[in-house]
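Residue numbers (our numbering): 129 to 315. Below: one structure, written as structure tokens.
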């Protein structure tokens, strides 16, 4: 009787069986095991998103900071997803949103200036407000004097003077036919 002392990777009465190192399923996370051309060894071909000798490591796709502008990165299996900071868009949050182009917020020929997650309208004369939607009331400061009524226009006003007064702001006395002003008549 005899007994064979088998080399590593073989078994059987006369060491005729090549041990299948993949039989125990050593590769993790969907990795494929192969012993082709190997004795007492195996190689794992890892599924996308994993690495390591037995595919034990989940690759963190967020480790390379793919999301721009300090946006949040959510790690997945062989993937990541960016949650963009306010004012940015795109797969990696690489594009600043131009609120002037997407919203066209400025009215009445106001010029829009884009900022990150904001805009500002530069209004033409005669308009005001965040979006230049409010016509400026030039009569608000009561420019017409001596009881004159102010009529508001766009970037203008006119005064309707009471009897005895005239001029752009109702500041001039209307002369009487006798050469004296009505203001000084005491009849």
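Cβ coordinates follow ideal geometry from the N, Cα and C atoms, glycine included. If you're wondering where the values come from, they're calculated on a predicted model, not measured in any experiment.
Can you tell me whether residue i is helix, strand or coil according to DSSP?
i	result
residue 263	strand
residue 310	The predicted position of residue 310 is uncertain, since its pLDDT is 46 and thus under 50; a value taken from the coordinates is nonetheless stated next. Helix, per DSSP.
residue 250	strand
residue 210	strand
Is it buried or exposed for residue i, if we count other Cβ within 10 angstroms and need 16 for buried?
i	result
residue 318	Since the displayed the chain opens at 129 and closes at 315, residue 318 lies outside it and no answer follows.
residue 153	exposed
residue 130	exposed
residue 238	buried
residue 243	exposed
Kindly indicate which residue of the options has the alpha-carbon position closest to the one of residue i.
i	options	result
residue 184	251, 160, 275, 296	160
residue 294	284, 276, 285, 282	276
residue 256	234, 241, 212	234
Output yes or no for whether 8 Å exceeds the beta carbon distance between residue i and residue j.
i	j	result
residue 192	residue 210	no
residue 196	residue 220	yes
residue 264	residue 283	yes
residue 132	residue 141	yes
Say whether the segment 244 to 252 touches the segment 267 to 275, bearing in mind that this needs 3 or more beta-carbon pairs closer than 8 Å, one atom from each stretch. Not touching, per the Cβ criterion.
Count Cβ pairs between the segment 139 to 155 and the segment 163 to 178 that sit closer than 8 Å; are there 3 or more? As far as the Cβ criterion goes, the segment 139 to 155 touches the segment 163 to 178, which means the pair count is three or higher.
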